[in-house]
Each structure stands twice: as structure tokens, then as C-alpha cells.
Amino acid sequence: MKRFGFVLLVIIVSAIQNCFSQDWIWLFNGNSLDGWKASENPDSFKLVDGQIVCDGQRSHFFYVGKDGNADFKNFELELEYKSTPNANSGVFFHTIFQEKGFPSKGFESQIHNTPKERGGYRENKLTGSLYGIRNVYKSLARDDEWNKMRIVVQGKQVKIFINDINTVDYVEPLEPPIVSGRPGRKIGHGTFALQCHDPESKVYFKNIRVKRLPDNLQSERKPKEKFSDYELEIFRLGVANYPVVNLHTHLKGGLTLDEALEESRSNGVFLGIAVNCGIGFPITNEAGIKPFIEQMKGKPIFVAMQAEGREWVKLFSKNAVQQFDYVFTDSMTIVDDNGKRMRLWIPQEVGEIKDKEAFMEMLVDRAVKILSTEPIDIYVNPTFLPDQISSEYDKLWTEERMQKVINAAAKNGVAIEINGRLKLPSLKFIKLAKEAGCKFTMGTNNPDRNIGDLNYCFQMIKEAGLKWQDLWLPTLKKNKT
1 MKRFGFVLLV
11 IIVSAIQNCF
21 SQDWIWLFNG
31 NSLDGWKASE
41 NPDSFKLVDG
51 QIVCDGQRSH
61 FFYVGKDGNA
71 DFKNFELELE
81 YKSTPNANSG
91 VFFHTIFQEK
101 GFPSKGFESQ
111 IHNTPKERGG
121 YRENKLTGSL
131 YGIRNVYKSL
141 ARDDEWNKMR
151 IVVQGKQVKI
161 FINDINTVDY
171 VEPLEPPIVS
181 GRPGRKIGHG
191 TFALQCHDPE
201 SKVYFKNIRV
211 KRLPDNLQSE
221 RKPKEKFSDY
231 ELEIFRLGVA
241 NYPVVNLHTH
251 LKGGLTLDEA
261 LEESRSNGVF
271 LGIAVNCGIG
281 FPITNEAGIK
291 PFIEQMKGKP
301 IFVAMQAEGR
311 EWVKLFSKNA
321 VQQFDYVFTD
331 SMTIVDDNGK
341 RMRLWIPQEV
351 GEIKDKEAFM
361 EMLVDRAVKI
371 LSTEPIDIYV
381 NPTFLPDQIS
391 SEYDKLWTEE
401 RMQKVINAAA
411 KNGVAIEING
421 RLKLPSLKFI
431 KLAKEAGCKF
441 TMGTNNPDRN
451 IGDLNYCFQM
461 IKEAGLKWQD
471 LWLPTLKKNK
481 T
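Take the sequence shown: its position 414, counted from the start at 1, is 414 in the working numbering, and no numbers get skipped.
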């Protein structure tokens, strides 16, 4: 009987301990800054009206705890923040206190709602990014409003949520990629820190709390041994401030939005999802736009209109078009000199091409008119040729013809897509377009549920010597009339 009583007591005590281990621990509840320690420029952090205000010179505010040895491995962190326009800040985890400089250990969950160029640099890592590791290019948060950030680490997995929307789901491989100058950017353990980025970046924090998770908790997905060459290139470009975004994807072949988002969070390629709008396509009038926009609302993606056919400008009003983050089209649906409407990817509609040179002159003329008269942001599937003449691409796309299309794009501020699936346009076209001052985007134009990869795009970026400044993002969009 005594033994039974002892066992029961042990069970009860264990249950109580387990219960307490799941409790939230307040790191900051608005009453004091006890347990926090600033690096250089401690005046950059103040307690005002129950909030931590980050305002001043570059500095970091570390949670060191009552004993100065705060340390967390697996955890769930929650906080609220409010940033002023153009502010840049972040929340660090698995870091350690250091007197000066940028934390050399740990990761940063980025806070940066509105990108703005400063001194020739524009931060292409927006709110909800796992900085330089998994970047977000469309912020789900707004300045001058309170937003909620949640960070969950378990095993090798990091999840970030902004206003309860999952922006990052990163599983570190067993052989972590190396970040130049940041050897400590590996999942391990450590504490938290808030960043004061610069005097123009005023950010408020409140209700900061953490819940410890069991140290033996494993990732939901099994970590890979190491990244593939393709994944490493995504990683390298992201660190170097290139916007790694596939702006030309579709929910086709049964691919769901959730599946597309899962793939995006897994491989680190941000997505722009487009719907085809025009005669004979999924959306033929303005009434069809709203359901698509509603489906995409609040998701970490860009939302695009693929304008089909030359009639689209009469089917959709300016206000309807502006519901999308950006608009793109191509010259694959045209009307020839005889009034024949043709879709160039369907051989039967194109028919026999008796005079290839005359066909090319007509095609270039149509492309120039599209670029000059239609209010688009991106010209996609550039230099596409129908099957009947595609084998003569290098001969038919003369430099003179290329230059006409390029000049029209440059004059009208239209970005040119580098298409990873079609492997278009050619390196020569891209180099000429770069010289003309054109911007570029990446896309795959998937015809089925396989989104595809950006390997060709990465190759062209390297061989054409494109910089991150040469790539266009919807956040840079200027309204077209």
C-alpha cells in the first residue's frame, strides 16, 4: 500500500512538472526590462508605455535572463510588434550575447514591411523571412499596426508565422549550408535578441513570451543529408539579395494552392501564381476575378493576371486589373496580317509557314505593339517560336529583330521573363536587354502540377552577369495607364 502511494505521488509530481514545462514564460510583459541586456548603443532601447521601443543607432537587445545564462533549444516564441514606415528590424534566436556588431551566432526572423532603396541598396528580405535562408518577398504585415510573430523551432525545423500565416518552414540539412561571414548560422541553442537597425527604423515590441518544447523533439520532416546543387544555388542567391521568385506559375493539373505553398516553403523559391484571363480561358470577365483573388488573399504569394489574347484590354477595366499584384502577357496569341487569330503553341492553328522571314517580321511587329500599347508589367515566354520554325531560332531571331523587341520593352518599362522550362530567351537576347537597361524576372509557366525548376534562369543570371538590381519584383510596380 505504501509502495502504491509512493508511485502515485511520483506520477502526480511528474504530471505537475510536465504541465509547468508547457507553460508560457514571459520574457517581457511590459513592466520592466529585467533580464535584457543591450550590446553597443544601449540608449537605442527604452521602456515606454509597457513597450520596448527600438529607436536609435545600430544595436541588439539580448534576453539573458535573471542569471545571465538564458538558453533555449526547442521552443515556441510569440510576440507583437509595430513598425514605422520603411523600418528594418528583426528577432534573433539561438544567438548569444556579444558586445558589438551583428550577432555572429543564430538566425534572424526579419521585420521589414516596406522595401525602400537606401544608398543604392534595397533589402529583398521582407517580414517573415528567415533572413538569407528562406526569404519572403511580399509582406503580410502593415506598418503602424500591431502584428503578431510566432517562431517555432523543433529539431532541425524552423517555422515562422506572421499574423498566423506560415511564411517559413525550413528544415536544415545534416550538413548545413555555409553562410559567408556567418559561421554560427546553424540550428543549435541560444537565446533571443531584438534588433535596432538604424535611426530610421523605429519598432515597438510587446507581449514577448516563450514556451519551452522538449529537447528531444524531432523535426516533422526528416532532414536531408545535404542540399542539392539546385537548392544550394537558391540559398546562395537568396543570401546575395537576389529575389528568388518564380513569377510565372499556375494551379494546373490538380495542383492545389496548399501544395504549391508547401513546395515553396520547402525549397525556398517564392511564388507568383497566375490565372489566365481572356477569351477561351478560365476567367473571361470581371466577375470571375473576385473568387480567385479571395482564394489567394492573405497567402505568402504574389497574385498575377496572365492576360491572354489582344482583346483582354477591352474585357477588363483598369480597376479590375489593379486587384492583381502584377500583369503579364506574351505574343503567343496573335492575329496575323490576314486577320487569322492563332495560338502559336498549337501547330494546327498556325498552319504551314511558307515565308519564314515574313512570319518573323509579323511576329516582331506584334510583340512591339503589345509592349508599346498594353499595360503590362512582364513580357513572358519571350522569343517563343511555333514548332514549325523553332529549330531555326538562332537564324530567325536576328540581332535586329531582338533589338526591336528589347527597345520596346525598355522604353515602356516592361520586364522580360527568363523562362526556365522553355529555356527562353537566348543568352544573346538577355545580354542585349541588359545593355538596354531592361529588368528581368524568372518563371516556369508550368502546364501541369509540376511547377518545374529555375536552373536555366540561374544559368543565365551567371552567364549574363546579372546583378540583383537587374531583377524586377511586383513590389517595384508603377501603375500603368
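Ideal Cβ placement from N, Cα and C applies to all residues, glycine included.
{"Item": "Exposure label - Gln110; buried when at least 16 CB within 10 Å", "Value": "buried"}
{"Item": "Buried/exposed call for Leu385, threshold 16 Cβ in 10 Å", "Value": "buried"}
{"Item": "Alpha-carbon to alpha-carbon, Asn285 and Leu476", "Value": "27 Å"}
{"Item": "Proximity to Ile451 [Cα-Cα], best of Thr95, Met402, Leu255, Arg134", "Value": "Leu255"}
{"Item": "DSSP state of Ser59 mapped onto helix, strand, coil", "Value": "strand"}
{"Item": "Inter-residue Cα distance where the pair is Cys54 and Gly30", "Value": "14 Å"}
{"Item": "Residues bridged to Thr398 [DSSP beta-bridge criterion]", "Value": "DSSP output for Thr398 lists no bridge partner at all."}
{"Item": "Ile451, DSSP secondary structure in three states", "Value": "coil"}
{"Item": "Alpha carbon of Asp258 to alpha carbon of Met305, nearest angstrom", "Value": "20 Å"}
{"Item": "The region 430 to 440 / the region 398 to 412 touching (three or more Cβ pairs under 8 Å)", "Value": "yes"}
{"Item": "C-alpha gap between Phe270 and Arg212, whole angstroms", "Value": "30 Å"}
{"Item": "Alpha-carbon spacing of Thr95 relative to Ile151, whole angstroms", "Value": "14 Å"}
{"Item": "Under 8 Å between C-beta atoms of Ile160 and Leu140", "Value": "no"}
{"Item": "Euclidean distance between Cα positions of His250 and Met296", "Value": "12 Å"}
{"Item": "Collapsed DSSP secondary structure at Gln482 in the structure displayed", "Value": "Summary: the structure shown does not reach residue 482, with the chain confined to residues 1 through 481, and so no result is reported for it."}
{"Item": "Pairwise C-alpha distance: Glu349 and Arg366", "Value": "17 Å"}
{"Item": "Nearest candidate by alpha-carbon position, reference Val168, set Phe192, Ile301, Asp355", "Value": "Ile301"}
{"Item": "Of the listed residues Ile273, Ala260, His60, Asn455, nearest to Phe97 (C-alpha basis)", "Value": "His60"}
{"Item": "Ser109 - DSSP class collapsed to helix/strand/coil", "Value": "strand"}
{"Item": "Which listed residue (Lys116, Phe92, His189, Pro177) has its alpha carbon closest to that of Asp229", "Value": "Pro177"}
{"Item": "Touching by the beta-carbon criterion (3+ pairs, under 8 Å), the region 212 to 228 and the region 98 to 106", "Value": "no"}
{"Item": "With 16 other Cβ atoms within 10 Å as the buried cut-off, status of Ser331", "Value": "buried"}
{"Item": "Closest residue to Gly465 among Glu308, Arg401, Glu117, Lys431 (Cα-Cα distance)", "Value": "Lys431"}
{"Item": "Through-space distance from Met442 to Ile334, alpha-carbon basis", "Value": "23 Å"}
{"Item": "Pairwise C-alpha distance: Ser44 and Gln57", "Value": "6 Å"}
{"Item": "Identity of the residues DSSP links to Glu392 by a beta bridge", "Value": "Paired residues: none, contrary to the question."}
{"Item": "Sub-8 Å separation of Ala193 and Phe75 beta-carbons", "Value": "no"}
{"Item": "DSSP three-state assignment for Gln403, whether helix, strand or coil", "Value": "helix"}
{"Item": "Residue nearest to Glu400 in terms of C-alpha spacing, selected from Glu361, Ile25, Leu237", "Value": "Glu361"}
{"Item": "Simplified DSSP state of Glu259, which is helix, strand or coil", "Value": "helix"}
{"Item": "Nearest-angstrom Cα separation, counted from Pro115 out to Ile461", "Value": "23 Å"}
{"Item": "Neighbourhood of Asn207 by C-beta distance below 8 Å, restricted to the same chain and skipping five residues each side", "Value": "Phe28, Asn29, Gly30, Glu78, Leu79, Glu80"}
{"Item": "Boundaries of the beta strand (DSSP E) in which Trp468 is found, first to last residue", "Value": "Looking at the DSSP string, Trp468 is not in any beta strand (DSSP E), and its letter there is neither H nor E."}
{"Item": "Trp24 burial status per 10 Å Cβ neighbour count (16 or more: buried)", "Value": "exposed"}
{"Item": "Reduced DSSP secondary structure (H/G/I, E/B, other) of Ser89", "Value": "strand"}
{"Item": "Contact set for Glu175: own chain, Cβ-Cβ below 7 Å, skip 5 residues either direction", "Value": "Glu225, Lys226"}
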